[in-house]
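Engineer: Mind looking over this structure? Questions follow.
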Amino acid sequence: MQRAAASKIRAFQKEVWGYYRLHKRGFPWRKTKNPYRILVSEIMLQQTQADRVVLKYKEFIKKFPNLRALSKASLKSVLRAWQGLGYNRRAVHLKTIAREVTVRFGGKLPSEKEILMSSPGIGQSTAGAVRTFAFNKPEVFVETNIRTAFIHFFFPKKQKILDSDISKIVEVALDRKNPREWYWALMDYGAMLKKAHGNAAARRSAHYARQSPFKGSSREQRSKILKMILGEKISTKKLLAKTGFSKQILAHHLADLSKEGFIRRSGNYFIVSK
DNA sequence: GTCCAGACCG
DNA sequence: CGGTCTGGAC
């Protein structure tokens with residue numbers, strides 16, 4: 002497909018808006034245009050089901066109501082608030098962004114795409130989402146629900162579809178008068194398709210990668226270690242006993258977690274970094 | 001077992 | 001480019 006026919010685009014828009022009118026989802030981050038709250042939601046929603054984010058989002062906003070508050074908070078308190086979401090490094094990213102924005106921009110999140118994308122944990126998709134939902138800018142971005150929606154409708158038989166090809170149609174189909182709601186509608190429509198047809202469409206993306214099992218993985222081991230360190234000041238010896246990991250495995254993860262800015266050694270103990 | 005409003009390193 | 005990262009839902 003070189004260029005989706007204009008009539009096909011219109012049919013798609015009609016289908017998506019029609020679905021949205023009857024089945025729109027009401028998430029707390031859809032009730033605000035506050036850039037900080039939008040940012041928190043978008044970071045939380047990376048690779049994490051929306052339903053699972055709702056409660057954590059509310060608690061996080063309550064505890065850290067703005068960038069300045071988050072900037073002042075300890076990393077430990079932020080990581081504790083993050084427990085249960087996964088991808089703990091996202092919490093570190095958010096805190097880093099909060100500090101940067103507080104120092105450089107007086108606590109006001111910039112809307113420029115280049116500045117957003119130069120921040121840790123913000124890539125193409127998250128920058129586009131923040132600009133769309135907080136600033137109502139007509140951005141072009143692709144995430145998993147959008148990918149599913151466009152593949153299902155515009156590439157019904159094709160395999161190994163590139164995001165760059167999807168983006169071209171996203172741009173043409175974009176509602177420039179109301180990008181915020183258009184993207185909500187797209188995501189709701191894509192999420193519905195996934196429930197109805199499973200992951201069949203997403204598997205035809207060139208960027209699709211099946212996830213390896215979590216059980217028994219190094220990811221599971223890391224999270225176990227970090228959780229223990231978040232709970233109390235804990236010696237290396239006690240970590241060894243409580244995790245049941247080998248000395249080599251434990252040392253490996255402790256080195257990684259230190260390098261990534263989660264923890265630091267303090268004598269015979271490991272504690273959360275500042 | 002497989003997935004999720006992706007980002008980032010090598 | 002591929003590999004990796006979290007943890008709960010189903």
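FYI, this note's numbering numbers position 164 of the first sequence as 165, with every residue one higher than the one before it. All C-beta atoms, glycine included, are put in the ideal place defined by N, C-alpha and C.
1) Can we say the region 211-218 touches the region 239-251, given the rule of at least three CB pairs closer than 8 Å?
2) Between TYR37 and MET45, is the Cβ-Cβ spacing less than 8 Å?
3) Output the distance between the C-alpha atoms of TRP30 and TRP185, rounded to the nearest integer angstrom.
4) Within the chosen definition, does the region 218-236 reach the region 181-197 through at least 3 CB pairs nearer than 8 Å?
5) Please state whether DSSP places TYR21 in a helix, a strand or coil.
6) Would you tell me roughly how many angstroms separate the C-alpha atoms of ARG211 and GLU172, rounded to the nearest one?
7) If you draw a straight line from the alpha carbon of GLY85 to that of THR49, how long is it in whole angstroms?
8) Which one of VAL102, GLU60, TYR270, ALA82 has the shortest CA to CA distance from SER72?
9) Using the C-alpha atoms, what's the distance from SER42 back to ARG105?
10) First and last residue of the alpha helix (DSSP H) that includes PHE106?
11) What are the start and end residues of the alpha helix (DSSP H) that includes SER259?
12) Closest to SER75 by CA distance: which of LYS161, TYR270, GLY268, ILE264 is it?
13) Taking 8 Å as the cut-off, does the region 90-100 touch the region 235-247 (at least 3 CB pairs, one atom from each stretch)?
14) Measure the C-alpha to C-alpha separation of LYS34 and ASN200 and round it to an integer number of angstroms.
15) Can you give me the C-alpha to C-alpha distance between GLY107 and GLY262, rounded to a whole angstrom?
16) With VAL54 as the anchor, note down where its alpha helix (DSSP H) starts and where it stops.
17) Determine the direct distance from the alpha carbon of LYS32 to that of GLY19, and round the result to whole angstroms.
Structural biologist: The short version:
1) In short, these stretches do not touch, since the Cβ pair count stays below three.
2) The beta carbons of TYR37 and MET45 sit no closer together than 8 Å.
3) Annotation: TRP30 to TRP185 spans about 11 Å, alpha carbon to alpha carbon.
4) The region 218-236, when compared against the region 181-197, does not touch it at the 8 Å Cβ threshold.
5) Look at TYR21 here: in three-state DSSP terms it is helix.
6) Taking the straight line from one Cα to the other gives about 28 Å.
7) Rounded to whole angstroms, GLY85 to THR49 spans 11 Å at the Cα level.
8) For SER72, the closest of VAL102, GLU60, TYR270, ALA82 by C-alpha to C-alpha distance is VAL102.
9) So the alpha carbons of these two residues sit roughly 22 Å apart.
10) The continuous alpha helix (DSSP H) containing PHE106 extends over residues 90-106.
11) From DSSP, the alpha helix (DSSP H) with SER259 extends over 248-260.
12) Of the listed residues, the one whose Cα sits closest to SER75 is ILE264.
13) Touching, no, given that fewer than three Cβ pairs across the two stretches are closer than 8 Å.
14) So the alpha carbons of these two residues sit roughly 31 Å apart.
15) Straight through space, the alpha carbons of GLY262 and GLY107 are spaced by roughly 24 Å.
16) Per DSSP, VAL54 is one residue of the alpha helix (DSSP H) stretching across 51-64.
17) Roughly 21 Å between the two C-alpha positions.
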